Amino acid sequence: MLVRNTLKIAQNDKKLCLEFIKRNLSITSKLQGDGFSLGGLDLDLLSNVLISEAIGYGCTGIGTAILGNDLAATPIILGGSEEIKKKYLGQLIDEPVMASYCVTEPGAGSDVSGLKTKAVKKGDDWVINGSKMWITNGGVASWFFILARTDPDPKAPSGKAFTAFVVDGDAKGLSRGKKEINLGQRCSDTRAITFEDVVVPSSNVIGIPGEGFKIAMKTFDKTRPIVAALAVGLASRALDEAAKYSLERKTFGMPIANHQGVSFMLADMAMALELSRLMTYKSAQEVDLGRPGAYWASIAKCFAADTANQTASNAVQ
1 MLVRNTLKIA
11 QNDKKLCLEF
21 IKRNLSITSK
31 LQGDGFSLGG
41 LDLDLLSNVL
51 ISEAIGYGCT
61 GIGTAILGND
71 LAATPIILGG
81 SEEIKKKYLG
91 QLIDEPVMAS
101 YCVTEPGAGS
111 DVSGLKTKAV
121 KKGDDWVING
131 SKMWITNGGV
141 ASWFFILART
151 DPDPKAPSGK
161 AFTAFVVDGD
171 AKGLSRGKKE
181 INLGQRCSDT
191 RAITFEDVVV
201 PSSNVIGIPG
211 EGFKIAMKTF
221 DKTRPIVAAL
231 AVGLASRALD
241 EAAKYSLERK
251 TFGMPIANHQ
261 GVSFMLADMA
271 MALELSRLMT
281 YKSAQEVDLG
291 RPGAYWASIA
301 KCFAADTANQ
311 TASNAVQ
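For the sequence shown, counting from 1, position 312 maps to 312 in UniProt numbering; every step adds exactly one.
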């Protein structure tokens with residue numbers, strides 16, 4: 001009810017509602033595992049999915065901003081040192097701040113192996129150069145999770161070619177592009193991020209150098225169900241609004257819901273929604289049971305996103 005009664009899309013359509021997010025990050029930070037010792041809620045993934053579905057029902061733009069924090073935090077939970085966890089995960093709870101998962105580039109997104117941003121070891125530091133694109137929370141993040149190529153050999157296997165870093169938002173050489181005007185979710189702050197000789201200490205490496213790709217893939221297993229949950233929330237809202245309107249709008253002396261052309265469409269929307277919801281819950285359950293999550297997480301994300309798109313389109317009709 002917090003989300004449904006508080007979020008007003010018309011008011012938050014073009015600007016990220018940081019005040020609302022920060023006021024409620026104590027609820028929505030949703031840190032798992034080691035996050036509990038730092039003040040997180042220690043929720044399992046299924047609980048995170050339920051919360052995300054409710055947020056998606058209210059506003060997927062706000063949900064995407066919150067998911068940006070989850071995406072940035074998860075690699076640290078999976079492979080960060082105790083020093084990194086205390087410094088950066090603690091900020092998400094105590095201050096709280098926004099963070100960003102900075103991986104996508106102009107020529108590579110889901111194809112993580114195609115990333116061009118490079119990091120070169122110089123003494124005890126790493127120097128990062130490259131450009132990232134479509135970065136959620138790019139304009140408001142206090143720190144970034146970065147994936148960069150550290151093996152110059154283009155034939156090196158992905159599992160050994162990339163390293164994960166945490167980069168402070170005020171690092172010298174880091175610049176943020178203008179806010180993108182998205183087709184939807186316009187309140188989500190999406191920007192390009194450029195790295196020009198950005199120096200990062202070795203202490204900010206997440207895990208072992210060369211194993212960043214593996215950390216990124218494990219992160220997707222844990223966060224794709226949350227993306228699917230946002231889509232389920234959006235589809236649920238679209239169906240509710242469509243069903244409500246179908247009972248209010250009348251043609252030929254009766255609500256349009258009584259016409260088969262409309263009622264059949266609503267039925268199809270409901271079936272697809274429930275299938276999406278079950279797939280999403282299943283994908284979260286697999287992770288919570290300690291099983292490999294990529295299979296169900298990918299299915300849930302794809303099917304739920306397609307369902308949200310089709311349901312919203314049908315609702316407009």
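Built from N, CA and C at the ideal position, the CB exists for glycine as well. Here the structure is a predicted model, which is why all the values come from computation and not from measurement.
Per-residue burial, residue i [other beta carbons within 10 Å of its own, 16 or more giving buried]
i: A231; result: buried
i: M217; result: exposed
i: Q11; result: Low local confidence applies: a pLDDT of 49 at Q11 is under 50, so the model's placement there is unreliable, with the coordinate-based value given in what follows. So Q11 counts as exposed.
i: S113; result: exposed
i: A267; result: exposed
i: E83; result: exposed
i: S110; result: exposed
i: G253; result: exposed
i: I206; result: buried
i: R191; result: buried
i: F162; result: buried
i: E286; result: buried
i: E53; result: buried
i: residue 358; result: What the structure shows of the chain is the stretch from 1 to 317, and residue 358 is not part of that stretch, so it cannot be assessed.
i: T251; result: exposed
i: S188; result: buried
i: F264; result: exposed
i: R277; result: buried
Whole-number beta carbon distance between residue j and residue i, since they are thought to touch under 8 angstroms
i: R237; j: Y57; result: 5 angstroms
i: A270; j: L239; result: 6 angstroms
i: D288; j: L43; result: That belief does not hold up - the Cβ atoms of D288 and L43 are roughly 10 angstroms apart, past 8 angstroms.
i: A164; j: P75; result: 6 angstroms
i: G173; j: V198; result: 4 angstroms
i: L247; j: A257; result: 5 angstroms
i: I51; j: I135; result: 23 angstroms between Cβ atoms; not a contact.
Sheet register partners of residue i (DSSP bridge)
i: M254; result: T251
i: L266; result: Beta-bridge pairing links L266 to no other residue.
i: S175; result: T194
i: D125; result: K122 and P201
i: residue 349; result: Any answer about residue 349 is impossible in this case: the structure gives the chain only from 1 up to 317.
i: S283; result: According to DSSP, S283 bridges with nothing at all.
i: K218; result: DSSP output for K218 lists no bridge partner at all.
i: S131; result: T194
i: A164; result: L147 and I206
Touch test, the stretch 287 to 304 against the stretch 222 to 230, Cβ-Cβ under 8 angstroms, three pairs minimum: Flag = yes, the stretch 287 to 304 and the stretch 222 to 230 touch.
Which runs of the beta strand (DSSP E) fall wholly inside the stretch 181 to 216 and span at least 3 residues, in chain order? List check, beta strand (DSSP E) in window: 190 to 201.
Quick check on the DSSP output: what are the complete beta strand (DSSP E) runs of length 3 or more inside the stretch 34 to 112, in order along the chain? Fully enclosed beta strand (DSSP E) runs of 3 or longer: 98 to 102.
Would the stretch 96 to 108 and the stretch 69 to 77 be scored as touching if the rule is three or more Cβ pairs under 8 angstroms? At 8 angstroms Cβ cutoff, the stretches touch.
Please determine if the stretch 121 to 128 and the stretch 81 to 98 are in contact, where contact requires at least 3 C-beta pairs separated by less than 8 angstroms. Not touching, per the Cβ criterion.
Should the stretch 133 to 141 be called in touch with the stretch 149 to 165, which here means at least 3 C-beta pairs below 8 angstroms? The stretch 133 to 141 is not in contact with the stretch 149 to 165.
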